[in-house]
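Going from the sequence shown to this note's numbering is simple: count from 1 and add 77. Where is the CB? At the ideal position from N, CA and C, for every residue including glycine. What follows is a set of notes on a single structure, which appears directly below.
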Amino acid sequence: MSSDNLVLVLNSGSSSLKFAALDPESGHESLSGIGDALDGPKPSLEWKYRGRRHARQLEPGAGHSAVFSFLVALLQEELPELENRLIAIGHRVVHGGEHFSHSVLIDRKVIDAIKECASLAPLHNPPGLLGIRAALEAFPQLPQVAVFDTAFHQTLPEHAYLYALPYSLYREHRLRRYGMHGSSHRFVSERAAELLGTPLEETNIISAHLGNGASMSAIKGGASIDTSMGLTPLEGLVMGTRGGDVDPGLLMHLGESLGYSLERINQLLNRESGLLGISELSNDCRELERAAAEGHRGAQLALELFCYRLAKYVAAYTVPLRRVSAVVFTGGIGENSSWIRERVLQRLGALGYRADTELNARMRFGAEGAITLADSPIALVIPTNEEWVIARDAAEIVAGRAP
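What follows is the structure, given as C-alpha coordinates:
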(Lines of atoms letter the chains of each structure in order from A and count residues from 1; the text may use other names and numbers.)
(Lines give C-alpha, C1' and ligand atoms only; values in the text may rest on other atoms or scores of the structure.)
Protein backbone atom coordinates (compact mmCIF):
# COMPACT_ATOMS: atom_id res chain seq x y z
CA MET A 1 0.00 0.00 0.00
CA SER A 2 1.04 3.58 -0.54
CA SER A 3 -0.37 7.04 0.06
CA ASP A 4 0.30 10.65 -0.84
CA ASN A 5 1.39 11.37 2.73
CA LEU A 6 5.02 11.67 3.73
CA VAL A 7 6.80 11.71 7.08
CA LEU A 8 10.14 13.48 7.39
CA VAL A 9 12.42 11.34 9.53
CA LEU A 10 15.51 12.65 11.30
CA ASN A 11 17.89 10.00 12.64
CA SER A 12 20.80 11.54 14.55
CA GLY A 13 23.71 9.21 15.23
CA SER A 14 26.88 9.99 17.13
CA SER A 15 28.70 11.00 13.92
CA SER A 16 25.91 11.09 11.34
CA LEU A 17 22.52 12.55 10.50
CA LYS A 18 20.26 10.51 8.27
CA PHE A 19 17.14 12.07 6.82
CA ALA A 20 14.34 10.74 4.68
CA ALA A 21 10.91 11.80 3.44
CA LEU A 22 9.01 8.57 3.08
CA ASP A 23 5.57 7.05 2.71
CA PRO A 24 4.69 5.49 6.09
CA GLU A 25 2.51 2.86 4.43
CA SER A 26 4.92 1.49 1.83
CA GLY A 27 8.27 2.70 3.13
CA HIS A 28 9.02 4.26 -0.27
CA GLU A 29 11.50 7.12 0.05
CA SER A 30 10.94 10.24 -2.03
CA LEU A 31 14.07 11.86 -0.61
CA SER A 32 16.87 10.40 1.44
CA GLY A 33 20.32 11.41 2.54
CA ILE A 34 23.02 11.28 5.15
CA GLY A 35 25.59 13.60 6.60
CA ASP A 36 28.48 11.35 7.58
CA ALA A 37 31.75 11.65 9.54
CA LEU A 38 30.30 14.77 11.18
CA ASP A 39 32.45 16.88 13.51
CA GLY A 40 35.50 15.25 11.94
CA PRO A 41 38.11 16.41 9.45
CA LYS A 42 36.25 15.12 6.37
CA PRO A 43 32.48 15.40 6.85
CA SER A 44 30.38 14.64 3.80
CA LEU A 45 26.79 14.95 2.63
CA GLU A 46 24.98 12.67 0.19
CA TRP A 47 21.34 12.71 -0.86
CA LYS A 48 19.10 11.09 -3.42
CA TYR A 49 15.99 12.45 -5.14
CA ARG A 50 14.14 10.82 -8.04
CA GLY A 51 16.91 8.32 -8.56
CA ARG A 52 19.64 10.94 -8.87
CA ARG A 53 22.46 10.95 -6.34
CA HIS A 54 24.17 14.11 -5.21
CA ALA A 55 27.19 14.56 -2.98
CA ARG A 56 29.31 17.30 -1.52
CA GLN A 57 32.11 17.68 0.99
CA LEU A 58 31.32 19.81 4.02
CA GLU A 59 33.67 22.17 5.79
CA PRO A 60 36.04 20.42 8.23
CA GLY A 61 34.34 20.11 11.61
CA ALA A 62 30.82 20.62 10.22
CA GLY A 63 28.19 18.99 12.41
CA HIS A 64 24.52 18.06 12.62
CA SER A 65 23.29 21.67 12.39
CA ALA A 66 24.96 22.16 9.01
CA VAL A 67 23.18 19.11 7.58
CA PHE A 68 19.80 20.17 8.98
CA SER A 69 20.18 23.70 7.61
CA PHE A 70 20.85 22.22 4.18
CA LEU A 71 17.78 19.96 4.46
CA VAL A 72 15.44 22.80 5.41
CA ALA A 73 16.65 24.90 2.49
CA LEU A 74 16.30 21.95 0.11
CA LEU A 75 12.68 21.29 1.11
CA GLN A 76 11.51 24.88 1.33
CA GLU A 77 13.33 26.34 -1.66
CA GLU A 78 13.80 23.49 -4.15
CA LEU A 79 11.30 20.75 -3.25
CA PRO A 80 8.15 22.48 -1.95
CA GLU A 81 6.07 19.69 -3.51
CA LEU A 82 7.54 17.33 -0.90
CA GLU A 83 7.16 19.76 1.96
CA ASN A 84 3.46 20.17 1.14
CA ARG A 85 2.92 16.38 1.50
CA LEU A 86 4.47 16.16 4.98
CA ILE A 87 2.07 15.13 7.75
CA ALA A 88 4.62 14.83 10.57
CA ILE A 89 8.29 14.80 11.51
CA GLY A 90 9.60 11.71 13.28
CA HIS A 91 12.75 11.98 15.41
CA ARG A 92 14.94 9.13 16.52
CA VAL A 93 15.85 9.74 20.16
CA VAL A 94 18.36 7.37 21.70
CA HIS A 95 17.61 7.60 25.42
CA GLY A 96 14.24 8.06 27.06
CA GLY A 97 15.00 6.31 30.35
CA GLU A 98 11.93 4.79 31.97
CA HIS A 99 9.83 7.77 30.88
CA PHE A 100 8.77 6.18 27.59
CA SER A 101 7.78 2.65 26.60
CA HIS A 102 6.43 3.77 23.20
CA SER A 103 6.68 6.65 20.75
CA VAL A 104 5.06 9.96 21.75
CA LEU A 105 3.98 13.33 20.39
CA ILE A 106 6.61 15.91 21.34
CA ASP A 107 5.68 18.65 23.79
CA ARG A 108 7.56 20.61 26.44
CA LYS A 109 7.43 17.75 28.95
CA VAL A 110 8.86 15.33 26.40
CA ILE A 111 11.69 17.73 25.54
CA ASP A 112 12.48 18.14 29.25
CA ALA A 113 12.58 14.36 29.71
CA ILE A 114 14.93 13.95 26.72
CA LYS A 115 17.15 16.67 28.15
CA GLU A 116 17.11 14.91 31.53
CA CYS A 117 18.46 11.75 29.87
CA ALA A 118 21.17 13.59 27.89
CA SER A 119 23.91 12.64 30.34
CA LEU A 120 23.09 8.97 29.68
CA ALA A 121 23.61 9.34 25.91
CA PRO A 122 26.00 12.29 25.54
CA LEU A 123 26.84 11.57 21.90
CA HIS A 124 23.20 11.15 20.81
CA ASN A 125 20.56 12.98 22.85
CA PRO A 126 22.13 16.45 22.40
CA PRO A 127 22.16 16.24 18.56
CA GLY A 128 18.68 14.70 18.75
CA LEU A 129 17.47 17.68 20.76
CA LEU A 130 19.15 20.01 18.29
CA GLY A 131 17.16 18.40 15.49
CA ILE A 132 13.90 18.61 17.44
CA ARG A 133 14.32 22.30 18.25
CA ALA A 134 15.38 23.15 14.71
CA ALA A 135 12.44 21.22 13.24
CA LEU A 136 9.95 22.88 15.57
CA GLU A 137 11.24 26.26 14.41
CA ALA A 138 11.39 25.39 10.70
CA PHE A 139 8.11 23.43 10.53
CA PRO A 140 5.89 24.74 13.38
CA GLN A 141 2.74 23.56 11.60
CA LEU A 142 3.73 19.87 11.67
CA PRO A 143 3.27 17.39 14.54
CA GLN A 144 6.62 16.14 15.84
CA VAL A 145 6.99 12.61 17.18
CA ALA A 146 9.82 11.13 19.25
CA VAL A 147 10.67 7.46 18.70
CA PHE A 148 12.98 6.14 21.43
CA ASP A 149 15.70 3.52 21.05
CA THR A 150 15.19 2.57 24.69
CA ALA A 151 11.43 2.00 24.36
CA PHE A 152 11.82 -1.38 22.61
CA HIS A 153 13.88 -2.69 25.53
CA GLN A 154 11.32 -1.81 28.21
CA THR A 155 10.20 -5.46 27.96
CA LEU A 156 13.45 -6.70 29.55
CA PRO A 157 12.74 -8.78 32.66
CA GLU A 158 13.93 -7.39 35.97
CA HIS A 159 16.78 -9.91 36.28
CA ALA A 160 18.11 -8.74 32.88
CA TYR A 161 17.91 -4.99 33.38
CA LEU A 162 19.07 -4.69 37.00
CA TYR A 163 22.72 -4.25 37.96
CA ALA A 164 23.87 -6.13 41.07
CA LEU A 165 24.25 -2.88 43.01
CA PRO A 166 22.33 -1.75 46.09
CA TYR A 167 18.69 -1.87 45.04
CA SER A 168 18.18 1.63 46.40
CA LEU A 169 20.17 2.98 43.43
CA TYR A 170 17.49 1.62 41.12
CA ARG A 171 14.58 2.51 43.38
CA GLU A 172 15.71 6.09 43.93
CA HIS A 173 17.69 6.92 40.77
CA ARG A 174 16.53 4.35 38.19
CA LEU A 175 20.07 3.14 37.54
CA ARG A 176 19.59 0.09 35.31
CA ARG A 177 20.18 -1.34 31.84
CA TYR A 178 18.18 0.48 29.16
CA GLY A 179 19.64 -0.58 25.81
CA MET A 180 19.64 1.31 22.50
CA HIS A 181 19.11 0.79 18.75
CA GLY A 182 15.56 -0.32 19.57
CA SER A 183 14.03 0.72 16.24
CA SER A 184 16.66 -1.26 14.35
CA HIS A 185 16.35 -4.38 16.49
CA ARG A 186 12.57 -4.18 16.22
CA PHE A 187 12.63 -3.85 12.42
CA VAL A 188 15.05 -6.70 11.73
CA SER A 189 13.30 -9.08 14.12
CA GLU A 190 10.00 -8.49 12.29
CA ARG A 191 11.68 -8.85 8.91
CA ALA A 192 13.53 -12.01 10.00
CA ALA A 193 10.22 -13.65 10.91
CA GLU A 194 8.94 -12.83 7.41
CA LEU A 195 12.05 -14.28 5.74
CA LEU A 196 11.91 -17.41 7.89
CA GLY A 197 8.19 -17.86 7.23
CA THR A 198 7.33 -18.11 10.92
CA PRO A 199 4.94 -16.05 13.06
CA LEU A 200 6.77 -13.31 14.95
CA GLU A 201 5.54 -14.65 18.28
CA GLU A 202 7.29 -17.96 17.53
CA THR A 203 10.57 -16.43 16.30
CA ASN A 204 13.66 -16.03 18.49
CA ILE A 205 16.33 -13.70 17.10
CA ILE A 206 19.80 -12.64 18.13
CA SER A 207 20.15 -9.25 16.48
CA ALA A 208 23.56 -7.61 15.99
CA HIS A 209 23.34 -3.94 15.02
CA LEU A 210 26.89 -3.07 14.00
CA GLY A 211 27.91 0.46 13.14
CA ASN A 212 29.99 3.19 14.77
CA GLY A 213 27.74 2.36 17.69
CA ALA A 214 27.03 -1.35 18.11
CA SER A 215 24.66 -3.42 20.21
CA MET A 216 23.09 -6.85 20.52
CA SER A 217 19.58 -7.85 21.44
CA ALA A 218 18.01 -11.18 22.35
CA ILE A 219 14.46 -10.98 20.98
CA LYS A 220 11.87 -13.59 21.93
CA GLY A 221 8.56 -13.47 20.08
CA GLY A 222 9.14 -9.86 19.03
CA ALA A 223 10.03 -8.66 22.54
CA SER A 224 13.52 -7.72 23.71
CA ILE A 225 14.56 -9.84 26.70
CA ASP A 226 18.24 -8.86 26.89
CA THR A 227 20.53 -6.33 25.28
CA SER A 228 24.20 -5.39 25.43
CA MET A 229 24.11 -1.62 25.95
CA GLY A 230 23.33 -0.56 29.48
CA LEU A 231 22.50 2.59 31.40
CA THR A 232 24.39 4.40 28.63
CA PRO A 233 25.60 3.40 25.14
CA LEU A 234 29.07 2.65 26.55
CA GLU A 235 28.46 -0.94 27.66
CA GLY A 236 28.74 -4.08 25.58
CA LEU A 237 30.46 -4.56 22.24
CA VAL A 238 33.61 -2.95 20.90
CA MET A 239 32.47 0.07 18.86
CA GLY A 240 33.97 2.79 16.69
CA THR A 241 35.21 5.04 19.49
CA ARG A 242 33.71 3.26 22.53
CA GLY A 243 35.36 0.27 24.15
CA GLY A 244 32.28 -1.51 25.47
CA ASP A 245 32.71 -3.67 28.55
CA VAL A 246 35.54 -2.61 30.87
CA ASP A 247 36.38 -3.30 34.50
CA PRO A 248 34.90 -0.43 36.57
CA GLY A 249 38.03 -0.61 38.72
CA LEU A 250 40.00 0.55 35.68
CA LEU A 251 38.10 3.84 35.74
CA MET A 252 38.90 4.36 39.43
CA HIS A 253 42.55 3.62 38.65
CA LEU A 254 42.53 6.25 35.90
CA GLY A 255 41.25 8.82 38.37
CA GLU A 256 43.12 7.93 41.51
CA SER A 257 46.47 6.76 40.14
CA LEU A 258 46.79 8.55 36.79
CA GLY A 259 45.03 11.78 37.72
CA TYR A 260 42.31 11.65 35.05
CA SER A 261 39.37 13.99 35.70
CA LEU A 262 35.79 12.81 35.16
CA GLU A 263 35.63 14.96 32.04
CA ARG A 264 38.83 13.35 30.71
CA ILE A 265 37.53 9.84 31.46
CA ASN A 266 34.26 10.65 29.67
CA GLN A 267 36.19 11.85 26.62
CA LEU A 268 38.34 8.73 26.63
CA LEU A 269 35.40 6.33 26.94
CA ASN A 270 33.18 8.00 24.34
CA ARG A 271 35.59 9.31 21.70
CA GLU A 272 39.04 7.73 22.03
CA SER A 273 38.47 4.02 22.63
CA GLY A 274 37.11 1.07 20.64
CA LEU A 275 38.39 0.49 17.12
CA LEU A 276 40.05 3.90 17.06
CA GLY A 277 41.80 3.43 20.39
CA ILE A 278 43.18 -0.03 19.68
CA SER A 279 44.14 0.55 16.05
CA GLU A 280 45.53 4.05 16.67
CA LEU A 281 44.42 4.60 13.08
CA SER A 282 40.66 4.95 12.54
CA ASN A 283 37.18 4.14 13.81
CA ASP A 284 36.07 3.32 10.24
CA CYS A 285 35.82 -0.43 9.74
CA ARG A 286 36.36 -0.09 5.99
CA GLU A 287 39.66 1.69 6.48
CA LEU A 288 40.72 -0.83 9.12
CA GLU A 289 39.97 -3.80 6.86
CA ARG A 290 42.12 -2.25 4.12
CA ALA A 291 44.93 -1.53 6.56
CA ALA A 292 44.72 -4.99 8.13
CA ALA A 293 45.06 -6.60 4.71
CA GLU A 294 48.23 -4.56 4.23
CA GLY A 295 49.66 -5.82 7.52
CA HIS A 296 48.81 -2.98 9.91
CA ARG A 297 49.10 -4.62 13.35
CA GLY A 298 46.83 -2.15 15.15
CA ALA A 299 44.05 -2.58 12.58
CA GLN A 300 44.34 -6.37 12.78
CA LEU A 301 44.14 -6.31 16.56
CA ALA A 302 41.17 -3.93 16.65
CA LEU A 303 39.16 -6.09 14.26
CA GLU A 304 40.08 -9.22 16.22
CA LEU A 305 38.76 -7.67 19.43
CA PHE A 306 35.59 -6.57 17.63
CA CYS A 307 34.83 -10.05 16.29
CA TYR A 308 35.77 -11.83 19.53
CA ARG A 309 33.49 -9.71 21.72
CA LEU A 310 30.64 -10.02 19.22
CA ALA A 311 30.89 -13.81 19.05
CA LYS A 312 30.92 -14.05 22.86
CA TYR A 313 27.69 -12.07 23.06
CA VAL A 314 26.00 -14.23 20.43
CA ALA A 315 26.89 -17.34 22.42
CA ALA A 316 25.71 -15.73 25.67
CA TYR A 317 22.30 -14.89 24.25
CA THR A 318 21.54 -18.54 23.57
CA VAL A 319 20.98 -18.74 27.36
CA PRO A 320 17.89 -16.47 27.64
CA LEU A 321 16.50 -17.56 24.25
CA ARG A 322 17.20 -21.33 24.59
CA ARG A 323 16.12 -21.79 20.97
CA VAL A 324 17.57 -19.47 18.30
CA SER A 325 15.73 -19.07 14.99
CA ALA A 326 18.48 -16.93 13.45
CA VAL A 327 21.38 -14.62 14.12
CA VAL A 328 20.85 -11.36 12.23
CA PHE A 329 23.61 -8.97 11.14
CA THR A 330 22.53 -5.39 10.43
CA GLY A 331 23.82 -1.81 10.56
CA GLY A 332 26.53 -0.38 8.32
CA ILE A 333 29.16 -2.95 9.31
CA GLY A 334 26.76 -5.86 9.73
CA GLU A 335 25.19 -5.30 6.32
CA ASN A 336 28.38 -4.73 4.33
CA SER A 337 31.38 -6.41 5.94
CA SER A 338 31.49 -10.02 4.76
CA TRP A 339 34.95 -10.22 6.39
CA ILE A 340 33.57 -9.42 9.86
CA ARG A 341 30.58 -11.74 9.49
CA GLU A 342 32.65 -14.72 8.37
CA ARG A 343 35.11 -14.38 11.25
CA VAL A 344 32.33 -14.08 13.80
CA LEU A 345 30.67 -17.23 12.46
CA GLN A 346 34.02 -19.05 12.53
CA ARG A 347 34.26 -18.27 16.25
CA LEU A 348 30.77 -19.76 16.68
CA GLY A 349 31.78 -23.12 15.23
CA ALA A 350 31.12 -24.85 18.56
CA LEU A 351 27.44 -23.92 18.09
CA GLY A 352 27.46 -25.37 14.58
CA TYR A 353 27.59 -22.13 12.54
CA ARG A 354 29.24 -22.44 9.13
CA ALA A 355 29.34 -19.53 6.70
CA ASP A 356 28.62 -19.99 3.01
CA THR A 357 31.53 -17.94 1.67
CA GLU A 358 29.92 -17.29 -1.70
CA LEU A 359 26.55 -16.22 -0.28
CA ASN A 360 28.23 -14.12 2.39
CA ALA A 361 30.35 -12.26 -0.16
CA ARG A 362 27.21 -11.28 -2.11
CA MET A 363 25.40 -9.79 0.89
CA ARG A 364 26.30 -6.11 0.57
CA PHE A 365 24.74 -2.78 -0.36
CA GLY A 366 21.13 -3.61 0.48
CA ALA A 367 21.09 -7.35 -0.21
CA GLU A 368 19.34 -9.56 2.33
CA GLY A 369 19.21 -13.27 3.03
CA ALA A 370 20.98 -16.23 4.58
CA ILE A 371 24.78 -16.44 4.67
CA THR A 372 25.13 -19.91 6.18
CA LEU A 373 25.38 -23.40 4.70
CA ALA A 374 22.31 -25.62 4.54
CA ASP A 375 23.44 -27.81 7.46
CA SER A 376 24.29 -24.80 9.67
CA PRO A 377 22.10 -22.87 12.09
CA ILE A 378 20.81 -19.82 10.23
CA ALA A 379 22.53 -16.44 10.09
CA LEU A 380 20.92 -13.66 8.06
CA VAL A 381 21.90 -10.27 6.72
CA ILE A 382 18.99 -7.81 6.89
CA PRO A 383 19.43 -4.14 6.02
CA THR A 384 17.87 -2.18 8.83
CA ASN A 385 15.22 0.45 8.20
CA GLU A 386 14.91 2.54 11.34
CA GLU A 387 13.46 5.36 9.25
CA TRP A 388 10.44 3.30 8.22
CA VAL A 389 9.78 2.28 11.84
CA ILE A 390 9.93 5.93 12.86
CA ALA A 391 7.65 7.00 9.99
CA ARG A 392 5.08 4.30 10.80
CA ASP A 393 4.96 5.27 14.46
CA ALA A 394 4.68 8.98 13.61
CA ALA A 395 1.83 8.39 11.15
CA GLU A 396 -0.06 6.18 13.62
CA ILE A 397 0.21 8.82 16.35
CA VAL A 398 -0.97 11.57 13.99
CA ALA A 399 -3.91 9.36 13.00
CA GLY A 400 -4.74 8.83 16.67
CA ARG A 401 -3.60 5.21 16.79
CA ALA A 402 -0.96 4.64 19.48
CA PRO A 403 1.87 2.38 18.25
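message: Check whether the region 195 to 210 and the region 119 to 135 touch, using three or more Cβ-Cβ pairs below 8 Å as the test.
response: In short, these stretches do not touch, since the Cβ pair count stays below three.
query: Under the rule that 16 or more other beta-carbon atoms within 10 Å means buried, what is LEU182, buried or exposed?
result: Reading the sequence shown from its first residue, position 105 is the one you call residue 182. Looking at its Cβ environment, which holds fewer than 16 other Cβ atoms inside 10 Å, LEU182 is exposed.
message: For GLN153, count the other beta carbons within 10 Å of its own beta carbon; 16 or more makes it buried, fewer makes it exposed. Which is it?
response: One-based indexing of the sequence shown puts residue 153 at position 76. Taking all protein chains in view, the Cβ of GLN153 is surrounded by fewer than 16 other Cβ atoms within 10 Å, so the residue is classified as exposed.
task: Could you name the residues of the same chain whose beta carbon sits closer than 8 Å to that of GLY140, not counting the 5 residues immediately before and after it, in chain order?
output: The sequence position of residue 140 within the sequence shown is 63, counting from 1. The residues are LEU115, ASP116, PRO120, PRO204.
query: Which partner residues of PHE96 appear in the DSSP bridge assignment?
result: Against the sequence shown, residue 96 aligns to sequence position 19. Per the DSSP secondary-structure output, PHE96 pairs in a beta bridge with LEU87, GLY110.
query: Exposed or buried, which one is PHE229 when buried takes at least 16 other CB atoms within 10 Å?
result: To locate residue 229, count along the sequence shown from 1; it is residue 152. With at least 16 other beta carbons inside 10 angstroms of its own, PHE229 counts as buried.
DSSP state of HIS131 mapped onto helix, strand, coil: One-based indexing of the sequence shown puts residue 131 at position 54. DSSP places HIS131 within a strand segment (E or B) once states are collapsed to three.
query: How many Å lie between ALA468 and ASP100 at the Cα?
result: The residue labelled residue 468 in the question sits at position 391 within the sequence shown. The residue labelled residue 100 in the question sits at position 23 within the sequence shown. About 8 Å.
First and last residue of the uninterrupted alpha helix (DSSP H) at GLN344: Here residue 344 refers to the residue found at position 267 when the sequence shown is read from its first residue. GLN344 -> alpha helix (DSSP H) spans 339 to 348.
- prompt: Are the region 250 to 265 and the region 359 to 375 touching by the rule of at least three beta carbon pairs closer than 8 Å?
  reply: Contact check between the region 250 to 265 and the region 359 to 375: fewer than three CB pairs, one atom from each, fall below 8 Å, which does not count as touching.
query: What are the partner residues of ALA168, as DSSP defines its beta bridges?
result: Taking the first residue of the sequence shown as position 1, residue 168 is located at position 91. Here residue 168 turns out to be His, not Ala, going by the sequence shown. Beta-bridge pairing links HIS168 to LEU87, ALA223.
message: Looking at the strands, I want to know which residues DSSP matches up with THR407.
response: As a first step, residue 407 must be located in the sequence shown, where it is residue number 330. According to DSSP, THR407 bridges with HIS286.
- prompt: Should GLY332 and PRO310 be called a contact, given that it needs their Cβ atoms to be closer than 8 Å?
  reply: Locating residue 332 in the sequence shown gives position 255, where the first residue counts as 1. Locating residue 310 in the sequence shown gives position 233, where the first residue counts as 1. Not closer than 8 Å, so no.
Start and end residues, alpha helix (DSSP H) containing ALA269: On the sequence shown, residue 269 is found 192 positions in, with the first residue counted as 1. From DSSP, the alpha helix (DSSP H) with ALA269 extends over 259 to 273.
query: Since GLY307 contacts VAL315 with CB under 8 Å, what's their CB separation in whole angstroms?
result: Residue 307 sits at position 230 when you count from the first residue of the sequence shown. Residue 315 sits at position 238 when you count from the first residue of the sequence shown. GLY307 to VAL315, Cβ: 15 Å. No contact.
query: For VAL421, does the three-state DSSP call read helix, strand or coil?
result: For the purposes of this step, residue 421 is taken as residue 344 along the sequence shown, with counting starting at 1. In the three-state scheme derived from DSSP, where H, G and I count as helix and E and B as strand, VAL421 is classed as helix.
message: Using 8 Å as the cut-off, can you tell me whether the region 439 to 450 makes contact with the region 163 to 172, which would need three or more C-beta pairs spanning the two stretches below that distance?
response: Counting C-beta pairs closer than 8 Å gives fewer than three between the region 439 to 450 and the region 163 to 172, which falls short of the contact rule.
message: Starting from ILE302, trace the beta strand (DSSP E) in both directions and tell me its first and last residue.
response: Sequence index remark: in the sequence shown, residue 302 carries index 225 (1-based). Unbroken beta strand (DSSP E) run through ILE302: 300 to 304.
field: Extent of the continuous beta strand (DSSP E) to which LEU122 belongs
entry: Stepping through the sequence shown from its first residue, residue 122 is reached at position 45. Taken as a continuous stretch (DSSP letters only), the beta strand (DSSP E) holding LEU122 covers 121 to 126.
- prompt: By Cβ distance, which residues of its chain are closer than 6 Å to LEU287, with the 5 residues on each side in sequence left out?
  reply: By one-based count along the sequence shown, residue 287 stands at place 210. Excluding sequence neighbours, LEU287 sits near GLY408, ILE410, GLY411.
- prompt: Is it the case that the Cβ atoms of ASP87 and PHE96 are separated by a distance below 8 Å?
  reply: What you label residue 87 is simply residue 10 of the sequence shown in a count that begins at 1. What you label residue 96 is simply residue 19 of the sequence shown in a count that begins at 1. Going by the sequence as given, residue 87 is Leu instead of Asp. Yes.
- prompt: Are VAL144 and GLY112 closer than 8 Å when you measure CB to CB?
  reply: What you label residue 144 is simply residue 67 of the sequence shown in a count that begins at 1. What you label residue 112 is simply residue 35 of the sequence shown in a count that begins at 1. The answer is yes: Cβ separation under 8 Å.
- prompt: Under 8 Å, do SER402 and ILE302 count as touching if we go by C-beta distance?
  reply: As a working note, residue 402 is residue 325 in the sequence shown. As a working note, residue 302 is residue 225 in the sequence shown. Against a cut-off of 8 Å, the Cβ pair of ILE302 and SER402 comes out as no contact.
- request: Would you mind stating whether SER338 and THR318 have Cβ atoms separated by less than 8 Å?
  value: Within the sequence shown, numbered from 1, the residue matching residue 338 stands at position 261. Within the sequence shown, numbered from 1, the residue matching residue 318 stands at position 241. No, they are not a contact pair.
query: By the 10 Å Cβ neighbour count, where 16 or more other Cβ atoms means buried, how is PHE442 classified, buried or exposed?
result: Along the sequence shown, one-based indexing puts residue 442 at 365. Classification for PHE442: exposed.
- request: Take ALA379 and list the residues in its own chain whose beta-carbon comes closer than 7 Å to its own, dropping the five residues that flank it on each side.
  value: By one-based count along the sequence shown, residue 379 stands at place 302. Within the same chain, LEU352, ILE355, SER356, LEU365 come within 7 Å of ALA379 by CB-CB distance, once the 5 residues on both sides are set aside.
query: Which value, in whole angstroms, describes the spacing of the CA atoms of ARG210 and ALA476?
result: Taking the sequence shown and counting its residues from 1, the one referred to as residue 210 is at position 133. Taking the sequence shown and counting its residues from 1, the one referred to as residue 476 is at position 399. Here the alpha carbon of ARG210 sits roughly 23 Å from the alpha carbon of ALA476.
message: Here's the rule I'm using: 16 or more other beta-carbon atoms within 10 Å means buried, otherwise exposed. How should GLN218 be labelled?
response: Position 141 of the sequence shown, counted from the start, is the residue given in the question as residue 218. Residue environment analysis places GLN218 among the exposed positions, since fewer than 16 neighbouring C-beta atoms fall within 10 angstroms of its C-beta.
From ASN202, HIS176, LEU122, residue whose alpha carbon lies closest to that of SER89: As a first step, residue 89 is located in the sequence shown; it is residue number 12 there, counting from the start. A check of alpha carbon separations from SER89 across ASN202, HIS176, LEU122 identifies ASN202 as the nearest.
field: Selection from GLY274, PRO234, PRO276 that minimises the alpha carbon distance to GLY256
entry: In the sequence shown, counting from the first residue as 1, residue 256 sits at position 179. Looking at the Cα atoms, PRO234 is the closest of the given residues.
- request: Can you check DSSP and say which residues form a bridge with ALA295?
  value: In the sequence shown, counting from the first residue as 1, residue 295 sits at position 218. Residue pairing by DSSP places ALA295 opposite ILE283, ASP303 in a beta bridge.
task: List the whole-angstrom C-beta distance separating GLY299 from LEU277, where the pair is believed to meet the contact cut-off of C-beta under 8 Å.
output: In the sequence shown, the residue the question calls residue 299 occupies position 222. In the sequence shown, the residue the question calls residue 277 occupies position 200. Their Cβ separation, rounded to whole angstroms, is 4 Å, which keeps GLY299 and LEU277 in contact under 8 Å.
- request: Could you tell me whether the Cβ atoms of LEU422 and ALA369 are closer together than 8 Å?
  value: For the purposes of this step, residue 422 is taken as the residue at position 345 of the sequence shown. For the purposes of this step, residue 369 is taken as the residue at position 292 of the sequence shown. Cβ distance not < 8 Å, so LEU422 and ALA369 don't count as in contact.
- request: In angstroms with no decimal places, state the Cα-to-Cα distance between SER305 and GLY313.
  value: Counted from its first residue, the sequence shown places residue 305 at position 228. Counted from its first residue, the sequence shown places residue 313 at position 236. Going from the Cα of SER305 to the Cα of GLY313 covers about 5 Å.
message: As a quick exercise: from LYS297, ASP81, ARG363, pick the residue whose alpha carbon is nearest that of ASN413.
response: By one-based count along the sequence shown, residue 413 stands at place 336. ASN413 has its Cα closest to that of ARG363, out of LYS297, ASP81, ARG363.
field: Euclidean distance between Cα positions of ARG341 and LEU358
entry: As a working mapping, residue 341 is identified with position 264 in the sequence shown. As a working mapping, residue 358 is identified with position 281 in the sequence shown. ARG341 and LEU358: Cα-Cα distance of roughly 20 Å.
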